[in-house]
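Q: For the sequence shown, our numbering begins at 505 and goes up steadily by one. Think of the CB as a built atom: it goes at the ideal place given N, C-alpha and C, for glycine as much as any other residue. The structure's right below; bear with me while I get my questions together.
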Amino acid sequence: MSKKRHAMIIVGLVFFIVAPSFAFVLTPSMKRIPDDLNKVVYYEGTLGMFNDRTLTMDYIDISIKREVTAIGTEDGVLLIRENITISDKRTGEVIPDGQMTNIYGIDPYTSRNVPGYGDTERIGQYIFPVGVDKKDYVIWNSDMDQPYTQGYVGAEDATGVGHYLGEEKRGGITVYKFYGEQEEICIGPGPEGTPPEARLFYKGHQTAWADPKTGSIIDYDKRVIQYLQFPDLHRLPSDLYTTVQLSGTVKMFNMDKVGSGDYYDHYDARITQHIWVDDASDQDVYMVGSETIARDSRGNLLPDELQSSSMDGVNPVTMAYDPLFSDKQGLMTFPVGIEPRDYDLWNGDIGTVSTARYLGQETVGGLPVYRYVVTVDDYPSGIQHIPGMSDRHVELYFNGTTTYWVEPTTGGIVNVEKQGVMRSSFPDLHTIPEDTHVTVDMQGSLWILGSGERTISMTREVTATNTYYEDGDKVIVLKDNTTMHDAETGDLVPEGSSITYHGVYADTAEEAPNYGDMLRQGIYTFPVGVEKTTYHMWNPEISTTSPVEFVREEDHQGIHTYLYQTEETRRVYDPTPGIEQDVQYTTLTKYWVEPHSGSVIDMEKYSEKKVNLLNFIFGIPGPLWVKAYRMTLSFTDSQVQQAVEEGRKAAALLELSDQTIPALTVNVSVANLADSLAAAKMQKMQVSQLSGSKIKAADIHYWMTEESVQ
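Structure, rendered in structure tokens:
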């Protein structure tokens, strides 16, 4: 699988038909080949082709039609077009690649090829000349057109000698018999589909019976055999390009789904792995590319965590990663020709080597295989940063089992089953995030002595601006931007608007005395994870702390809450500009708080201030206290709805504190076992029978039909 060899395609072989194999209609008085030459010659014979599935030769009877036409002259050189069609004699169907066209440029008087004319730089005789002598002739072998043009053979090998063997009777006339043969020579690399290192060899012989007066070929017989020399196949193919398909299920933790009841995204996964040799110029180290693309059943890409790509140096024999050209260790995959023992494979799930333990021999679809298992238990796989919590992180641990069924001869993976779980171990999450940004919308009324009462809207925007550490305790600086507007006119109400900065201990929500814009005490807000107790909270109305008492648990707006309340009347100094004296402050403020997150779900507030009238006017304390300020305030309906949803989600997220959960679960196997099994059987047969062997790839034997002879 991971190094699957493509099936060899032995259908691109050139069909070799020798050139001097047609009969011209000439008379003894003719001294040259006519300009209007147009002749059709028929042959029959047998064609054997190597079957890459059975590794045997398949033979069929064939018919060959050869049409020779003079198409013009150029500088006294006769141009001849030769069309050849090879068909299955039984079905009449043209054989793939069994059609070809050649253009020859010849001297019409001597029948010699003229270099510079035609589609190939040929030399020697095209056919026998008019008036054949009892001697040997050098004849161009058109089988060598392509190897010669591509530089695999020279002119000496592209020509053959037609040896004169004497006179014979053929077709009722006396003819000269000529015979030529080609010893086995290499004519280039193997056809498409064979390893680049494979070499193609050619050998053949032919016999021609020529009319001594006209040079016409009366009868003809030829046989050509091609051999393929395979390299050692016990190594990674240098032209490897393969695709592995896996399918199954993937489940991924989705932080955005926290609070929904199901924290996971579920996928029917289709995983495609492309593996290719990018550079095989160094016989000891191949550069091997790998790309994994994971999609769902609709073709959409799955999250980036499931996509990967790499380029690594690999020893093509051992499959070991090369330390100079890869940051991986161990083996990329099983080598060609494995033993019943353990192997150390690179495990991309954990970024290190895992041992594939040999567990014995089995059969899959009748094919003997070795079974190996890679087991990983709680392997530390790194950390995952938590947005807004730079002082803590999620620790990742991988657990998984991967089972391989491997064909021993090839090392090809017939099947693989992978079950893997990446577990996330969460820290204590009860802290205020460093990226806090909260907006709260409120509404109510405000009455100020001398200004009357107005309906108000208030927006409080709290943003974390900086982070510090004090003796190991994290302090977050929060910018509190509060704006109050007249709900009817939209005018800003300066008395209710302010920008303040608070230094807050992230874990306790207490005011940090050295980091805000003034010295404050108590808690700034409810801590993450509240208790049933009384808190002392900074009260910006009076610039000191107020007690916030736990009242009871109750469901509020569809969510479970703790109800806290500040109810007090006391005399306190008010530094508010314009007052700046002792006031009688009265408030009843209720907070409905989600207990896990400390999120305020809803709030209702009533407060008033009374001033000593004589002290306010003359600076002399007196017995008369007069109301100077009254405010009511509560969350808007939409703010309550938003707070409920955010509180529910925050509570669910905090349930992960100090917990370990599956973050990624993968369960996949080979998508089409039948195809994988068939490919494995073919690979086994090819490696075991073809490695280092020279095999017959094509065998063609044909002769002129009786009709053409006559």
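Exposed or buried, Ile575, counting other C-beta atoms within 10 Å across all chains shown (16 or more means buried)?
A: Counting from one through the sequence shown, the residue named residue 575 turns up at place 71. Burial call: exposed.
Q: Along the alpha helix (DSSP H) that carries Tyr652, what are the first and last residues, could you check?
A: Working through the sequence shown from its first residue, we reach residue 652 at position 148. Segment Asp649 to Thr653, the alpha helix (DSSP H) holding Tyr652.
Q: Can you grab the Cα-Cα spacing for the pair Gln1025 / Pro1051, in whole Å?
A: Translated into the one-based positions of the sequence shown, residue 1025 becomes position 521. Translated into the one-based positions of the sequence shown, residue 1051 becomes position 547. Near 12 angstroms, if we compare the C-alpha coordinates of Pro1051 and Gln1025.
Q: Taking Gly666 as the reference, give the member of Ser794, Phe682, Asp715 and Glu660 with the closest Cα.
A: Stepping through the sequence shown from its first residue, residue 666 is reached at position 162. Closest by alpha carbon: Phe682.
Q: Going by other Cβ atoms of all chains shown within 10 Å of its Cβ, with 16 needed for buried, is Val840 buried or exposed?
A: Residue mapping note: residue 840 aligns to position 336 of the sequence shown, counting from 1. It is buried - the Cβ of Val840 has at least 16 other Cβ atoms within 10 Å.
Q: To the nearest angstrom, how far is it from the Cα of Asp826 to the Cα of Asp788?
A: Reading the sequence shown from its first residue, position 322 is the one you call residue 826. Reading the sequence shown from its first residue, position 284 is the one you call residue 788. Computed Cα separation, rounded: 9 angstroms.
Q: What distance in whole Å lies between the Cβ atoms of Asp736 and Ser1195, which are believed to be in contact at a cut-off of 8 angstroms?
A: Here the question's residue 1195 lines up with position 691 in the sequence shown. Here the question's residue 736 lines up with position 232 in the sequence shown. 6 angstroms between Cβ atoms; contact.
Q: Comparing C-alpha positions only, which one of Ile568, Ser751, Pro619 and Ser764 sits nearest to Glu1150?
A: As a working note, residue 1150 is residue 646 in the sequence shown. Considering only alpha carbons, the answer is Ser764.
Q: On the three-pair Cβ rule with 8 angstroms, is the segment 976-995 touching the segment 1009-1019?
A: Touching, per the Cβ criterion.
Q: Between Tyr563, Gly852, Ile854 and Gly834, which has its C-alpha nearest Asp846's C-alpha?
A: The residue you call residue 846 lines up with position 342 of the sequence shown. The candidate whose alpha carbon is nearest that of Asp846 is Gly834.
Q: What residue from Gly684, Val878 and Asp782 has the CA that sits closest to Gly817's CA?
A: By one-based count along the sequence shown, residue 817 stands at place 313. If we check each option's Cα against that of Gly817, Asp782 comes out closest.
Q: Over the uninterrupted alpha helix (DSSP H) stretch that includes Glu1149, give me the two end residues.
A: For the purposes of this step, residue 1149 is identified with residue 645 of the sequence shown, where counting begins at 1. Looking at the DSSP string, the run of the alpha helix (DSSP H) that includes Glu1149 is Asp1141 to Leu1158.
Q: Would you check if the segment 1124-1142 and the segment 894-902 touch, i.e. whether three or more CB-CB distances between them fall below 8 angstroms?
A: Segments in contact, no.
Q: Please classify His889 as buried or exposed, where buried requires at least 16 neighbouring CB atoms within 10 angstroms.
A: Residue 889 sits at position 385 when you count from the first residue of the sequence shown. Counting Cβ neighbours within 10 Å, His889 comes out exposed, since fewer than 16 surround it.
Q: What are the boundary residues of the beta strand (DSSP E) that includes Trp553?
A: The count along the sequence shown starts at 1 and reaches residue 553 at position 49. Checking the displayed sequence, the identity of residue 553 turns out to be Met instead of Trp. Asn542 to Asn555 is the extent of the beta strand (DSSP E) around Met553.
Q: Is it right to say Glu696 is buried, meaning 16 or more other beta carbons lie within 10 angstroms of its own, or is it exposed?
A: Here residue 696 is taken as the residue at index 192 of the sequence shown, counted from 1. With fewer than 16 other Cβ atoms within 10 Å, it is exposed.
Q: If we ignore side chains and look at the alpha-carbon of each, how far apart do Glu660 and Arg626 end up?
A: If you number the sequence shown from 1, residue 660 lands on position 156. If you number the sequence shown from 1, residue 626 lands on position 122. Rounded to whole angstroms, Glu660 to Arg626 spans 11 angstroms at the Cα level.
Q: Which runs of the beta strand (DSSP E) spanning at least 3 residues fall entirely within the segment 1047-1126, listed in chain order?
A: List check, beta strand (DSSP E) in window: 1048-1060, 1063-1078, 1085-1097 and 1104-1116.
Q: Please list the segments of the alpha helix (DSSP H) lying wholly inside the segment 753-785, counting only runs of 4 or more residues, in order along the chain.
A: Correct list: empty.
Q: Which stretch, first to last residue, makes up the beta strand (DSSP E) that contains Ala798?
A: Indexing the sequence shown from 1 puts residue 798 at position 294. It spans Val789 to Asp800 - the beta strand (DSSP E) in which Ala798 sits, taken as one unbroken run.
Q: Exposed or buried, what is Val679 when buried is set at 16 or more other beta-carbons lying within 10 Å of its beta-carbon?
A: Taking the sequence shown and counting its residues from 1, the one referred to as residue 679 is at position 175. Looking at its Cβ environment, which holds 16 or more other Cβ atoms inside 10 Å, Val679 is buried.
Q: DSSP has Phe682 in a bridge; who is on the other side?
A: Residue mapping note: residue 682 aligns to position 178 of the sequence shown, counting from 1. According to DSSP, Phe682 bridges with Tyr668 and Ala712.
Q: Only counting the same chain, and skipping five residues up and downstream in sequence, which positions put a Cβ closer than 7 angstroms to that of Asp592?
A: Translated into positions along the sequence shown, residue 592 becomes position 88. Closer than 7 angstroms at Cβ, skipping near neighbours: Ile564, Ile566 and Ile599.
Q: Report the rounded CA-to-CA distance for Gly1000 versus Met988, giving the unit in angstroms.
A: Numbered from its first residue, the sequence shown carries residue 1000 at position 496. Numbered from its first residue, the sequence shown carries residue 988 at position 484. For Gly1000 and Met988, the distance between alpha carbons rounds to 5 angstroms.
Q: Thr1233 to Thr776, Cα distance in whole Å?
A: With the chain running from 505 to 1214 in the structure shown, residue 1233 is simply not present.
Q: Taking 8 angstroms as the limit between beta carbons, can you name the residues of its chain near Leu805, skipping five residues before and five after?
A: For the purposes of this step, residue 805 is identified with residue 301 of the sequence shown, where counting begins at 1. Counting only Cβ-Cβ distances below 8 angstroms, and skipping sequence neighbours, we find Ile797, Ala798, Arg799 and Gln811.
Q: Can you tell me the Cβ-Cβ gap for Leu744 and Trp780, rounded? I've got them flagged as a contact below 8 angstroms.
A: In the sequence shown, the residue the question calls residue 744 occupies position 240. In the sequence shown, the residue the question calls residue 780 occupies position 276. Their Cβ separation, rounded to whole angstroms, is 6 angstroms, which keeps Leu744 and Trp780 in contact under 8 angstroms.
Q: Can you name the start and end residues of the beta strand (DSSP E) that Glu586 belongs to?
A: One-based indexing of the sequence shown puts residue 586 at position 82. Segment Val581 to Asp592, the beta strand (DSSP E) holding Glu586.
Q: If you check the beta carbons only, do Asp932 and Ser751 fall under 8 angstroms apart?
A: For this step, residue 932 is matched to residue 428 along the sequence shown. For this step, residue 751 is matched to residue 247 along the sequence shown. No, the Cβ-Cβ distance between Asp932 and Ser751 is not below 8 angstroms.
Q: Does DSSP put Ala1132 in a helix, a strand or coil?
A: Indexing the sequence shown from 1 puts residue 1132 at position 628. Here Ala1132 sits in strand by DSSP.
Q: Confirm, please, whether the CB-CB distance from Trp1042 to Thr1065 is below 8 angstroms.
A: Looking up residue 1065 in the sequence shown gives position 561. Looking up residue 1042 in the sequence shown gives position 538. Cβ atoms of Thr1065 and Trp1042: not closer than 8 angstroms.
Q: Are Gly915 and Thr837 closer than 8 angstroms when you measure CB to CB?
A: Taking the sequence shown and counting its residues from 1, one reaches residue 915 at position 411. Taking the sequence shown and counting its residues from 1, one reaches residue 837 at position 333. Yes. Within cutoff.
Q: Less than 8 angstroms between the CB atoms is what I'm expecting for Thr595 and Asp539, so what's the real figure, rounded?
A: Taking the first residue of the sequence shown as 1, we reach residue 595 at position 91. Taking the first residue of the sequence shown as 1, we reach residue 539 at position 35. Not really, about 38 angstroms apart at Cβ, beyond 8 angstroms.
Q: Relative to the C-alpha of Ala702, which candidate in Asn1116, Pro651, Gln733 and Thr907 has its C-alpha closest?
A: The residue labelled residue 702 in the question sits at position 198 within the sequence shown. Closest option to Ala702, Cα to Cα, is Gln733.
Q: Going by the beta-carbon positions, is the gap between Glu453 and Thr560 smaller than 8 angstroms?
A: What the structure shows of the chain is the stretch from 505 to 1214, and residue 453 is not part of that stretch, so it cannot be assessed.
Q: Would you report the Cα separation of Val1172 and Asn758, rounded to the nearest angstrom?
A: Start at 1 with the first residue of the sequence shown, and residue 1172 comes out as number 668. Start at 1 with the first residue of the sequence shown, and residue 758 comes out as number 254. Roughly 20 angstroms separates the two Cα atoms.
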